[in-house]
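Engineer: Before I ask anything, here is the structure I am working with.
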Amino acid sequence: MPLATAEAPRVNSRSTTRPFALVVEDELPLVELIKYNLEKDGYEVEVARDGEDAILMVEERQPDIIVLDWMLPKLAGIEVCRRLRSKSVTRNVPIIMLTAKTEEADRIRGLDTGADDYMTKPFSMVELTARMRAVLRRIRPALAEDKVEIGDIILDRTAHRVVRNGDEIHLGPTEFRLLDHFIQHPGRVFSREQLLDAVWGSDVYVETRTVDVHIGRLRKALLKVGGEDPIRTVRSAGYALNV
Ligand code: CA
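Just so we're aligned: the sequence shown equals residues 818 to 1060 in my numbering.
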């Protein structure tokens, strides 16, 4: 059981079920249009109006997906993309780049920089949301299915079972939820605070070091059946599931 403490409640009103999209665009009408359509499609949306803001907002709270315009004040979209990709914490955040430039070279440059997909303006909202779903499905295949296989690990949500390399792994309920959360975001680095919010919930007050205890148990259980350590400890940042 998590250690209960008498600390002040952490303020957190966010939902952990809806995917969180950050839209980075300075053209207000387009921002409104994208925001409206993404919210309709079930996303929680925040908006950054320039490249520097985008970087700050991502550092504050990591989005599940970023819609990033190329032409931005202060810092160009391509530079934002490059910076996010150069940090281990944000390396795996899916990015869809918006561009008004049609030259093939620019597109390729965009993809080389690490964008997962791109859209050339003008585009339809239906296409944008479809592309976003496709990227999320590819990067977070585990979002909706009952039984998920990732690397040598199979997690069965219905049976509440975990199997690695054919051997069953016995996990406590917290370790199971931790693993499930990692599987939904393979490769992504989570801080202890983020894991607390996602796995324990924002209305439960536990100390951040409790996360380390449960990560330790999960790691031990996964290693018991052999294979490499799938949980990566990122110094001063948190934990990620290697894939
Ligand atoms: Ca723009």
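No residue lacks a Cβ here, since even glycine has one placed at the ideal position from N, Cα and C.
When you compare only the Cα positions, how much space is there between residue 1060 and residue 860?
Structural biologist: Locating residue 1060 in the sequence shown gives position 243, counting from the first residue. Locating residue 860 in the sequence shown gives position 43, counting from the first residue. Using only the alpha carbons, I get a separation of about 25 angstroms.
Engineer: Taking residue 884 and residue 840 to be in contact with their CB atoms under 8 angstroms, please state how far apart those CB atoms are, rounded to whole angstroms.
Structural biologist: Here residue 884 corresponds to residue number 67 of the sequence shown, with the count starting at 1. Here residue 840 corresponds to residue number 23 of the sequence shown, with the count starting at 1. Confirmed, about 5 angstroms.
Engineer: Within the region 977 to 1045, note down every full beta strand (DSSP E) run reaching 3 residues or more, in order along the chain.
Structural biologist: The region 977 to 1045 contains these whole beta strand (DSSP E) runs: 978 to 981 and 984 to 986.
Engineer: For residue 951 and residue 903, what's the separation of their Cα atoms in angstroms?
Structural biologist: Locating residue 951 in the sequence shown gives position 134, counting from the first residue. Locating residue 903 in the sequence shown gives position 86, counting from the first residue. Their Cα atoms are separated by approximately 24 angstroms.
Engineer: Return the bridge partner residues of residue 883 from the DSSP annotation.
Structural biologist: Indexing the sequence shown from 1 puts residue 883 at position 66. Residue 883 is bridged to 839 and 912.
Engineer: Using the rule of at least 16 other Cβ atoms within 10 Å of the residue's Cβ for burial, across every protein chain shown, is residue 890 buried or exposed?
Structural biologist: As a first step, residue 890 must be located in the sequence shown, where it is residue number 73. Counting Cβ neighbours within 10 Å, residue 890 comes out exposed, since fewer than 16 surround it.
Engineer: Give the residues whose C-beta lies closer than 6 angstroms to at least one heavy atom of ligand 1, in chain order.
Structural biologist: Ordered along the chain, the selected set is 842, 843, 844, 886, 888 and 889.
Engineer: Report the residue from 978, 1026, 970 and 1008 whose alpha carbon sits nearest the alpha carbon of residue 905.
Structural biologist: What you label residue 905 is simply residue 88 of the sequence shown in a count that begins at 1. It is 1008.
Engineer: In whole angstroms, give me the CA-to-CA distance for residue 837 and residue 1037.
Structural biologist: What you label residue 837 is simply residue 20 of the sequence shown in a count that begins at 1. What you label residue 1037 is simply residue 220 of the sequence shown in a count that begins at 1. Residue 837 and residue 1037: Cα-Cα distance of roughly 31 angstroms.
Engineer: Quick one: using the 10 Å Cβ neighbour count with 16 as the cut-off for buried, is residue 984 buried or exposed?
Structural biologist: On the sequence shown, position 167 is the one that residue 984 refers to. Under this definition residue 984 is an exposed residue.
Engineer: When DSSP builds the beta bridges, which residues end up paired with residue 1049?
Structural biologist: In the sequence shown, counting from the first residue as 1, residue 1049 sits at position 232. DSSP output for residue 1049 lists 1057 as bridge partner(s).
Engineer: Looking only at its chain, what residues have a beta carbon closer than 7 angstroms to the beta carbon of residue 880, apart from the 5 residues adjacent to it on each side?
Structural biologist: Position 63 of the sequence shown, counted from the start, is the residue given in the question as residue 880. Once the five neighbours on either side are set aside, the close Cβ partners of residue 880 are 837, 838, 839 and 910.
Engineer: Do residue 967 and residue 933 have their C-beta atoms within less than 9 angstroms of each other?
Structural biologist: In the sequence shown, residue 967 corresponds to position 150, counting from 1. In the sequence shown, residue 933 corresponds to position 116, counting from 1. No, they are not a contact pair.
Engineer: Just the Cα atoms here: how many angstroms apart are residue 939 and residue 955?
Structural biologist: Working through the sequence shown from its first residue, we reach residue 939 at position 122. Working through the sequence shown from its first residue, we reach residue 955 at position 138. Approximately 25 angstroms, taken between the alpha carbons.
Engineer: Can you give the Cα-Cα distance for residue 901 and residue 982, rounded to whole angstroms?
Structural biologist: Start at 1 with the first residue of the sequence shown, and residue 901 comes out as number 84. Start at 1 with the first residue of the sequence shown, and residue 982 comes out as number 165. The straight-line gap from Cα to Cα measures roughly 34 angstroms.
Engineer: If I measure Cβ to Cβ from residue 969 and keep anything under 7 angstroms in the same chain, skipping five residues before and after, which residues do I get?
Structural biologist: In the sequence shown, residue 969 corresponds to position 152, counting from 1. Closer than 7 angstroms at Cβ, skipping near neighbours: 981, 982 and 1044.
Engineer: Compare the beta carbon distance of residue 869 and residue 892 with 9 angstroms and say whether it is the shorter of the two.
Structural biologist: Your numbering for residue 869 matches position 52 in the sequence shown. Your numbering for residue 892 matches position 75 in the sequence shown. Yes, the Cβ-Cβ distance between residue 869 and residue 892 is below 9 angstroms.
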